[in-house]
Amino acid sequence: MTTFIALISGSIWGIPTWGTWWQWDARITSTLILFIMYLGLISLHNSFSNFEKADKLTSWLVIIGAVNIPIIKKSVDWWSTLHQSASITLTEKPTIDVLMLYPLIGSIIGFLGLITCLVLTSSKYQILIREKTKSWIRDYV
């Protein structure tokens, strides 16, 4: 969902900035590939009725697809791209203004909190679905 939101909001932002809603930029294209991979993994996982078989198959595809993550991160450094390089790194002083740095850090912390809550809620839901025939679930619910 967050990848979809990033692609849509980036396209909306790109219209006044670049004069077009889509540019075949390295970072945008690799993010689109990631989004398509997410959709494929979700579809593949949901196509199996056996959870164990679905888990094993999609876990291999996730490992293979994880190669795309560093490509997205480093694409602005490797290729000439519309996007700027990182404003915050672990090895250098931030190039971003302090007035934007602190709200950015706060947003990152808030986003991590949101993602943590969503992952925990999703995990709880999956456990309830997979264990619905067990007696401890009936006692819990």
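Under this note's numbering, think of the first position of the sequence shown as 737, with each following residue one higher.
Glycine included, C-beta positions come from ideal geometry on N, C-alpha and C.
Just so you know, these numbers come straight off a predicted model, no measurement behind them.
Task: Among VAL798, ILE851, SER747 and MET773, nearest to TRP758 - alpha-carbon criterion - done: As a working note, residue 758 is residue 22 in the sequence shown. Minimum Cα distance to TRP758 is reached at SER747.
Open item on the list: Counting C-beta neighbours from all protein chains within 10 Å, is the total for ARG763 16 or more, i.e. buried, or is it exposed?
Closed with: For the purposes of this step, residue 763 is identified with residue 27 of the sequence shown, where counting begins at 1. Buried: at least 16 other Cβ atoms inside 10 Å.
TODO: Let me know if ASP761 comes out buried or exposed under the rule of 16 or more other beta-carbons within 10 Å of its beta-carbon.
DONE: As a working mapping, residue 761 is identified with position 25 in the sequence shown. With 16 or more other Cβ atoms within 10 Å, it is buried.
Open item on the list: One question on the structure: do THR817 and SER823 come within less than 7 Å of each other, judged by their Cβ atoms?
Closed with: Residue numbering aside, residue 817 sits at position 81 when the sequence shown is read from its first letter. Residue numbering aside, residue 823 sits at position 87 when the sequence shown is read from its first letter. No, they are not a contact pair.
TODO: Quick one: give me the first and last residue of the alpha helix (DSSP H) that LYS789 is part of.
DONE: Your numbering for residue 789 matches position 53 in the sequence shown. 787-801 is the extent of the alpha helix (DSSP H) around LYS789.
Open item on the list: Residues in the same chain with beta-carbon distance under 8 Å from PHE771, minus the five sequence neighbours each way, listed in chain order, please.
Closed with: As a first step, residue 771 must be located in the sequence shown, where it is residue number 35. For PHE771, where only same-chain residues beyond five positions count, the Cβ hits under 8 Å are THR739, PHE740 and LEU743.
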